[in-house]
Amino acid sequence: MTDTTTSASTMVKVKTERPDEAEIRELAAKMVEANKAKALAASVAAARPPPGSLVGVAPPGSGGQMGLLNFLARKPNAATTASELRPVPDGDKKNPAPDEASWKGHFGWDMLGKCHIPYIYRSSEKYVAVRMVEIKLLNKYLNYLHADIYSCTCIRSYYITEIEARLLNEINNRHCDGQFGRDPFTQKDLVVRLSDAYEFYNFLDVCYNKLLRGTTNSKDKCGFIRINKESVVPYTVRDNQKFVPLFYFEGETDNLKLKADQLKGWDLSYLKFCCKVQGIRNELFASETCSVISLSDIKSYFPPGTEFEEYWPNKVVDSQLLISAKGEIISLSYSFKFQHHCRLIGNPYLV
1 MTDTTTSAST
11 MVKVKTERPD
21 EAEIRELAAK
31 MVEANKAKAL
41 AASVAAARPP
51 PGSLVGVAPP
61 GSGGQMGLLN
71 FLARKPNAAT
81 TASELRPVPD
91 GDKKNPAPDE
101 ASWKGHFGWD
111 MLGKCHIPYI
121 YRSSEKYVAV
131 RMVEIKLLNK
141 YLNYLHADIY
151 SCTCIRSYYI
161 TEIEARLLNE
171 INNRHCDGQF
181 GRDPFTQKDL
191 VVRLSDAYEF
201 YNFLDVCYNK
211 LLRGTTNSKD
221 KCGFIRINKE
231 SVVPYTVRDN
241 QKFVPLFYFE
251 GETDNLKLKA
261 DQLKGWDLSY
271 LKFCCKVQGI
281 RNELFASETC
291 SVISLSDIKS
301 YFPPGTEFEE
311 YWPNKVVDSQ
321 LLISAKGEII
331 SLSYSFKFQH
341 HCRLIGNPYL
351 V
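Numbering follows UniProt numbering, in which position 75 of the sequence shown is assigned residue number 75; successive positions increment by one, without gaps.
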């Protein structure tokens with residue numbers, strides 16, 4: 001057992017006595033053990049989340065349920081009454097409990113796609129249950145889109161509290177006739193921000209329609225630009241402007257870097273999707289940001305008369321981005337015609 005040098009015991013020092021004073025040495029030993037016990041108790045208390053607090057964030061890409069189960073707030077004992085679980089009123093503390101609105105039974109409805117989805121409040125921000133969104137809205141896409149597409153996104157999810165679970169069960173049973181399943185909501189269920197659920201739905205809808213129909217539209221969120229019918233570059237739209245990855249280009253890149261911008265969040269997710277369709281190596285776009293440059297700036301580096309056109313590949317090669325309802329993989333990767341351009345890098349980035 002190590003000596004007591006933790007922060008919890010630095011204020012207490014064991015008095016040093018002569019070896020022949022057995023009684024004092026015994027007392028000193030008891031003090032050491034007592035300090036060790038206090039230090040251990042203090043470290044455990046600091047690591048344990050307070051009752052009613054928000055639980056741990058599920059790690060990106062984990063699918064939600066696995067990972068930080070040890071950080072869940074323990075359920076109250078059976079003897080705990082409802083009044084003991086109720087958040088302290090606003091007048092008794094500066095910051096109300098995050099799930100206070102759920103205790104009061106406050107919730108609302110919003111439209112995701114063509115479906116009405118209930119949401120709850122956490123500190124005035126809207127959250128939706130992952131299970132509800134999957135059952136009501138995302139099953140269409142989850143049954144057809146390969147899981148590799150989900151790696152393009154990163155959504156923070158949160159475990160619910162017992163108070164929130166009770167409200168979600170009331171919503172499901174009393175207001176929705178059990179359409180979100182018979183299994184009750186528990187503290188193992190997850191919620192995400194309503195804004196993230198909305199963005200995720202839009203992302204999957206774009207991926208689904210792009211892979212299934214392969215059409216191009218000037219209003220598309222992402223796609224490809226074909227230059228002189230030779231080289232193909234992915235793009236994504238941000239603030240009504242098309243951006244392309246900087247790593248696709250070489251030559252006068254010093255000037256390009258001066259005009260480069262950083263793409264992140266959902267805008268980057270669409271660009272990552274296109275890179276996966278094209279077969280670009282994952283390590284080139286695996287980070288949370290990507291240096292990009294506007295298409296209008298890129299055009300100024302090409303000779304007059306260079307043709308830039310909207311493009312989506314229509315040749316099926318060997319990919320696994322779309323699966324059938326039976327679980328059979330539909331090949332939806334495409335062959336791109338790459339020819340080395342003076343400022344465009346082609347084949348070296350293919351897998």
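The beta-carbon is built from N, C-alpha and C at its ideal position, and this holds for glycine as well.
Pairing K136 with V277, the inter-Cα distance amounts to about 27 angstroms. Per DSSP, A129 is one residue of the beta strand (DSSP E) stretching across E125 to A129. By the neighbour-count criterion, in which 16 or more other beta carbons inside 10 Å mark a residue as buried, A286 falls on the exposed side. The residues F243, S291, V292, I293 and S294, in chain order, have a CB closer than 8 angstroms to that of D261 in the same chain once the five nearest residues on each side in sequence are set aside.
Listed in chain order, the non-local C-beta contacts of L268 below 6 angstroms within the same chain comprise C290, local neighbours out to five positions each way being set aside. Pairwise C-beta distances place the stretch 184–195 in contact with the stretch 149–157, as three or more of them are shorter than 8 angstroms. Look at W103 here: in three-state DSSP terms it is helix.
Taking C-beta separations shorter than 6 angstroms and ignoring five residues to either side along the sequence, the partners of Y141 in its chain run L204 and Y208, following chain order. The Cβ-Cβ distance between D99 and R122 falls below 8 angstroms. Under DSSP, R238 takes part in a beta bridge, and its partners are Q241.
Rounded to the nearest whole angstrom, the CA to CA distance from P313 to Q179 is 40 angstroms. Taken in chain order, the whole alpha helix (DSSP H) runs of length 4 or more contained in the stretch 135–177 are 139–142 and 162–170.
For E310, DSSP records a beta bridge to I225. For D205, the enclosing alpha helix (DSSP H) covers residues L194 to R213.
A contact between stretches requires three or more CB pairs, one per stretch, nearer than 8 angstroms, and the stretch 213–221 fails this requirement with the stretch 162–171. Straight-line spacing of the CA atoms in K126 and S102 works out to 11 angstroms. Non-local beta-carbon contacts of V233 in its own chain, meaning distances under 6 angstroms to residues more than five positions away in sequence, involve I225, V244 and Y248 in chain order.
By the neighbour-count criterion, in which a residue is buried when 16 or more other Cβ atoms sit within 10 angstroms of its Cβ, P303 is exposed. By alpha-carbon distance to W109, the top candidate from F308, L168 and L138 is L168. S124 is the residue among S231, N282, C115 and S124 whose C-alpha sits nearest the C-alpha of N95.
DSSP, read as helix, strand or coil, puts S300 in coil. With a threshold of 16 other beta carbon atoms within 10 Å, A97 meets it and is buried. When the Cα atoms are used, G105 and A129 turn out to be separated by approximately 15 angstroms. For T153, the closest alpha carbon among the candidates I280, C275, G265 and I120 is that of G265.
With fewer than 16 other beta carbons inside 10 angstroms of its own, T186 counts as exposed. Excluding sequence positions up to five before and after P184, its CB lies within less than 8 angstroms of the CB of A165 and N169, all in the same chain and listed in chain order. The continuous stretches of alpha helix (DSSP H) do not include K188, and DSSP gives it neither H nor E. Measuring C-alpha to C-alpha distances from Y311 to each of E250, C274 and D297 identifies C274 as the nearest. Exclusion of the five residues before and after G113 leaves L137, Y201 and D205 as the residues of its chain whose Cβ lies within less than 8 angstroms of its Cβ.
Shown here for P118: same chain residues with a beta carbon closer than 6 angstroms to its own, the five before and five after excluded, namely F107, W109 and I171 in chain order. The residue from G223, H116 and I227 with its alpha-carbon nearest to that of H175 is H116. Contact between L263 and L256 does not hold, since the beta-carbon distance rounds to 14 angstroms and is not under 8 angstroms.
Per DSSP, the unbroken beta strand (DSSP E) holding L263 starts and ends at D261 to K264. Sixteen is the threshold: when 16 or more other Cβ atoms of the shown chains lie within 10 Å of the Cβ of K221, as they do, the residue is buried.
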